[in-house]
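Residues in the sequence shown are numbered consecutively from 137, following this note's numbering. For glycine and all other residues, C-beta sits at the position ideal for the given N, C-alpha and C. In what follows, a single structure is set out as structure tokens and then discussed.
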Amino acid sequence: MAEHLSQIMLLQVLRLWMAAESTKTPGWLGALADPRLARAIAAMHAEPGRKWTLAELAGVAGMSRTSFAERFRNVVGRTPLDYLINWRMRLAADRLRRTDDRVNVIALSVGYESEAAFSTTFRRVMGISPGR
Numbered sequence: 137m138a139e140h141l142s143q144i145m146l147l148q149v150l151r152l153w154m155a156a157e158s159t160k161t162p163g164w165l166g167a168l169a170d171p172r173l174a175r176a177i178a179a180m181h182a183e184p185g186r187k188w189t190l191a192e193l194a195g196v197a198g199m200s201r202t203s204f205a206e207r208f209r210n211v212v213g214r215t216p217l218d219y220l221i222n223w224r225m226r227l228a229a230d231r232l233r234r235t236d237d238r239v240n241v242i243a244l245s246v247g248y249e250s251e252a253a254f255s256t257t258f259r260r261v262m263g264i265s266p267g268r
């Protein structure tokens, strides 16, 4: 319970800081100040391997697809699905560094059904192959 309380407190501090910022720079921190976008980001972080669609994420945020996509891009600086891909690749990179898990196991855990598709995306996003 203490761990969750500290997470909630950190989130509130970040939200207050973001609300006080006179110049809003795009990024995921900006989404934390927006309760609707924060719900969608929390869902992506909670289930990165899920086959999220724009409609599902908009539903989590309680918004229409169009308004959600537009608002997300304006606040975060990238589309929701692009954000998700980048989040998945960061998780995968962390697991590749910290564990001895095979690439295909990590690919499945972050939502890719084939190692080839995962490797191509990883190389594009991270600038290096998962094997390296």
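Run of the alpha helix (DSSP H) containing residue i, from where it starts to where it stops
i    : result
M225 : P216 to R234
T256 : E251 to M262
S203 : R201 to V212
W164 : W164 to L168
P113 : Here the chain covers residues 137 to 268 and nothing more, so residue 113 does not appear.
G195 : L190 to A197
Selected residue, minimal CA-CA separation from residue i, among the options
i    : options                   : result
D230 : T256, P266 and S200       : P266
A126 : A176, L147, A182 and H181 : No information on residue 126 is available, as it lies outside the stretch 137 to 268 that the chain covers here.
T189 : M262, S200 and L217       : L217
G163 : A252, V239 and R209       : R209
H181 : R268, L227 and T256       : L227
A178 : S203, R207 and L220       : L220
G195 : W223, L173, T257 and V212 : L173
D236 : R268, S200 and L193       : R268
Residue i versus residue j - alpha carbon distance
i    : j    : result
V246 : G185 : 4 angstroms
E249 : V241 : 10 angstroms
R234 : G263 : 19 angstroms
L168 : M137 : 21 angstroms
L165 : A243 : 27 angstroms
A205 : R151 : 21 angstroms
Q148 : S255 : 37 angstroms
H140 : L146 : 10 angstroms
I144 : T257 : 33 angstroms
E183 : R259 : 22 angstroms
V261 : R224 : 10 angstroms
R201 : A253 : 26 angstroms
G198 : D170 : 12 angstroms
R238 : K187 : 21 angstroms
Any non-hydrogen atom of the ligand FAD closer than 7 angstroms to residue i Cβ
i    : result
I242 : For the structure depicted, the ligand FAD is absent and the ligand set is empty, with no information on it obtainable.
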